[in-house]
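Quick note on the numbering used here: the sequence shown kicks off at -8 and runs consecutively. Backbone N, C-alpha and C fix where the C-beta goes; we use that ideal spot for every residue, glycine too. These figures come from a predicted structure and were not determined experimentally. What follows is a single structure, written as structure tokens, with notes after it.
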Amino acid sequence: GSSRVLCEHLDAHPQVVRGKSVFELGSGTGVAALLCCSMGAKVVTATDVPEQLALIEHNARLNPSLRLKVAPLKWGSATDLAAVVTPGTSPDVLIGTDLVYA
């Protein structure tokens, strides 16, 4: 799917994330965020709806050498957003795939 395509693009262009802060919306399995960690991103935050976080955290535990922050972020939730984004700051790179579906 589209996450695989994003990962292939990042793999071909590691400079996009190396040494940068990365924020992934709708992380799903967390694979793209974990790839960013492995490519030398400074800080990576994987976000998704609360019911999806267990899978992301499981995949992060399978890769203990990678430092991945996992946080709930439900679309439209000011509370969730305030918990993961420091006011006045923004990530260097924002990634996401399949963010809207029915």
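As assigned by DSSP and simplified to three states, the class of residue 71: helix
Any alpha helix (DSSP H) of 4 or more consecutive residues that is wholly inside the region 12 to 72: 22 to 29 and 44 to 52
DSSP bridge partner residues for residue 87 (one or two, in chain order): 16
Close Cβ partners of residue 8 (< 7 Å) along its chain, the five nearest in sequence each way excluded: 1, 27, 30, 32 and 84
Three-state class that DSSP yields for residue 0 in the structure shown: helix
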